[in-house]
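Novice: Residue numbers for the sequence shown follow numbering that gives the first Met the number 0, so the first one is 0 and each next one is one higher. Even glycine gets a Cβ: it sits at the ideal position worked out from N, Cα and C. Sending over a structure as structure tokens; questions will come in a sec.
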Amino acid sequence: MRLKYSGGFVQLRKLENPVRSDLKAEPQMSDASNPIVTDGRAEVAFKPGAGFAALDHLYYRDPMKILFPRPMAGDLVTAVLVTTSGGMVGGDHLAFEGRVRAGASALFTAQAAEKIYRSAGPDCVMSVNLAAEDNGWLEWLPHETILFDQARLRRKTKVSVTGSGQVMAGEIMVFGRLARGEVFTTGLARDAWDVSIDGRPVWRDALHLEGDVLRMLDHPASFDGARAAATAILVGQGAEEKLDIARDCLARASDGLMETDVLCAATAMKGIVITRFMARDPMKLRRVYGAWWKQFRHETRGLPARLPRLWEI
0 MRLKYSGGFV QLRKLENPVR SDLKAEPQMS DASNPIVTDG RAEVAFKPGA GFAALDHLYY
60 RDPMKILFPR PMAGDLVTAV LVTTSGGMVG GDHLAFEGRV RAGASALFTA QAAEKIYRSA
120 GPDCVMSVNL AAEDNGWLEW LPHETILFDQ ARLRRKTKVS VTGSGQVMAG EIMVFGRLAR
180 GEVFTTGLAR DAWDVSIDGR PVWRDALHLE GDVLRMLDHP ASFDGARAAA TAILVGQGAE
240 EKLDIARDCL ARASDGLMET DVLCAATAMK GIVITRFMAR DPMKLRRVYG AWWKQFRHET
300 RGLPARLPRL WEI
């Protein structure tokens, strides 16, 4: 099913290739004799409305869908990204675009963690485009991405801000299904960021792990045994002035934990604050990350110090 909304109309069309029904709890490994390829896309844009932001544009195609839960009192309109295929196998492509028009505010999140299954060779490709126009506020808070052993993922997140707009965005990556004793030992994990303000690049960054990934994860000069890592950024004019707030929120979020449980730090350049997290235990990282996020959004934007209900596990 395809749904498109723009300027007040909704159009439904039947897909020539419906959602795959061959995916079980753990799909078969993709290879030349088993070509399973998905090309999903979702686009959402909000504009100012009466009290809350109003939907301005909506489009998605299988296996991606968008849900709109009722916002909690005092909080932002929320769009929830759903991937009905249950995860990505080699060769799959997923793309998401979230935008807030001038003066609008919205939060974008996901229904659950994204699973990247093992691949015999083809890469999974994921692209995320986030844009905030003048005086807009956009939050991108997806759940973690879990890399199965031998998974291959290329993800690029593009953030663009104009005028006095601001974007707060983050990603968490978990290296393996640790509860099953599986570690991401080999494969590809490339996670790139491209951030601009008024069309001018302000930050470009990429994590690239390929080949003997376990050696890099365990090396004391690299991840030093960490099994999860996260990046969160605040982008906008004058964002660097929020660095002290980001560091104070980190100290409060990790209060009560041992210093080595979750390694975290924040830095800043003109127009951007960058916060990093690493931990051996993904759940401890998730708790610190979530605690920092809700406090930082409150301190910088005056929003309620809480996470979306889908995040409260």
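Please name the residue, chosen from 145, 151, 141 and 113, that lies closest to residue 106 on a Cα-to-Cα basis.
Specialist: Walking along the sequence shown from the start, residue 106 turns up at place 107. Per the Cα distances, 141.
Novice: Terminal residues of the continuous beta strand (DSSP E) containing residue 165?
Specialist: Within the sequence shown, the letter at position 166 stands for residue 165. Run containing residue 165: 165 to 174, per the beta strand (DSSP E) assignment.
Novice: Am I right that residue 145 and residue 173 are in contact with their C-beta atoms under 8 Å? What's the rounded C-beta distance?
Specialist: Counting from one through the sequence shown, the residue named residue 145 turns up at place 146. Counting from one through the sequence shown, the residue named residue 173 turns up at place 174. Confirmed, about 5 Å.
Novice: Less than 6 Å between C-beta atoms, sequence neighbours within five positions excluded: which residues of the same chain meet that for residue 124?
Specialist: Reading the sequence shown from its first residue, position 125 is the one you call residue 124. Around residue 124: 92 and 153.
Novice: Just checking my contact of residue 309 with residue 149 at CB under 8 Å: how many whole Å lie between their CB atoms?
Specialist: Reading the sequence shown from its first residue, position 310 is the one you call residue 309. Reading the sequence shown from its first residue, position 150 is the one you call residue 149. Rounded, the Cβ-Cβ distance is 29 Å, inconsistent with contact.
Novice: When every heavy atom of the ligand PLP is checked, does at least one fall within less than 7 Å of the C-beta of residue 52?
Specialist: In the structure on display, the ligand PLP does not appear, and there are no ligands present to speak of.
Novice: Among 183, 192 and 98, which has the Cα closest to the Cα of residue 169?
Specialist: For the purposes of this step, residue 169 is taken as residue 170 along the sequence shown, with counting starting at 1. Considering only alpha carbons, the answer is 192.
Novice: Taking the alpha-carbon positions, what's the residue 90 to residue 122 distance?
Specialist: In the sequence shown, the residue the question calls residue 90 occupies position 91. In the sequence shown, the residue the question calls residue 122 occupies position 123. Using only the alpha carbons, I get a separation of about 5 Å.
Novice: Quick check: what's the CA-CA separation for residue 84 versus residue 62?
Specialist: Locating residue 84 in the sequence shown gives position 85, counting from the first residue. Locating residue 62 in the sequence shown gives position 63, counting from the first residue. Residue 84 and residue 62: Cα-Cα distance of roughly 6 Å.
Novice: Check this for me: beta carbons of residue 77 and residue 303, under 8 Å apart or not?
Specialist: Position 78 of the sequence shown, counted from the first residue, corresponds to residue 77. Position 304 of the sequence shown, counted from the first residue, corresponds to residue 303. Contact flag unset, no.
Novice: Across which residues does DSSP place residue 159 in a beta bridge pair?
Specialist: Counting from 1 along the sequence shown, the entry for residue 159 is found at position 160. Looking at the DSSP assignment, residue 159 forms a beta bridge with 130 and 195.
Novice: Can you name, in chain order, every residue of its own chain whose Cβ lies under 6 Å from the Cβ of residue 73, other than the five neighbours on each side?
Specialist: As a position in the sequence shown, residue 73 is number 74, starting the count at 1. If we look at residue 73 and ignore the five residues flanking it on each side, its Cβ neighbours are 303.
Novice: Relative to the C-alpha of residue 261, which residue among 234, 253 and 202 is closest?
Specialist: In the sequence shown, counting from the first residue as 1, residue 261 sits at position 262. Ranking 234, 253 and 202 by Cα distance to residue 261 puts 253 first.
Novice: Tell me residue 277's beta-bridge partners as DSSP assigns them.
Specialist: Numbered from its first residue, the sequence shown carries residue 277 at position 278. In the DSSP output, where bridge partners are listed per residue, residue 277 has 228 and 262.
Novice: Report yes if the C-beta distance between residue 136 and residue 300 is below 8 Å; otherwise report no.
Specialist: Stepping through the sequence shown from its first residue, residue 136 is reached at position 137. Stepping through the sequence shown from its first residue, residue 300 is reached at position 301. Going by C-beta atoms, residue 136 is nearer than 8 Å to residue 300.
Novice: Report the rounded CA-to-CA distance for residue 211 versus residue 157, giving the unit in angstroms.
Specialist: In the sequence shown, residue 211 corresponds to position 212, counting from 1. In the sequence shown, residue 157 corresponds to position 158, counting from 1. So the alpha carbons of these two residues sit roughly 28 Å apart.
Novice: Are residue 291 and residue 248 close, meaning C-beta to C-beta below 8 Å?
Specialist: For the purposes of this step, residue 291 is identified with residue 292 of the sequence shown, where counting begins at 1. For the purposes of this step, residue 248 is identified with residue 249 of the sequence shown, where counting begins at 1. Closer than 8 Å, so yes.
Novice: Which first and last residues belong to the beta strand (DSSP E) in which residue 66 is found?
Specialist: Here residue 66 is taken as the residue at index 67 of the sequence shown, counted from 1. Per DSSP, residue 66 belongs to the beta strand (DSSP E) from 63 to 66.
Novice: Residue 60 and residue 39 look like a contact to me (Cβ under 8 Å); what is the Cβ gap, rounded to whole Å?
Specialist: As a first step, residue 60 is located in the sequence shown; it is residue number 61 there, counting from the start. As a first step, residue 39 is located in the sequence shown; it is residue number 40 there, counting from the start. Confirmed, Cβ separation roughly 6 Å.
Novice: Is the distance from the Cβ of residue 270 to the Cβ of residue 239 below 8 Å?
Specialist: In the sequence shown, the residue the question calls residue 270 occupies position 271. In the sequence shown, the residue the question calls residue 239 occupies position 240. For residue 270 and residue 239, yes; Cβs fall inside 8 Å.
Novice: Would residue 206 pass as an interface residue toward chain B - the criterion being a Cβ-Cβ separation below 8 Å?
Specialist: Here there is only one protein chain, and chain B is not present.
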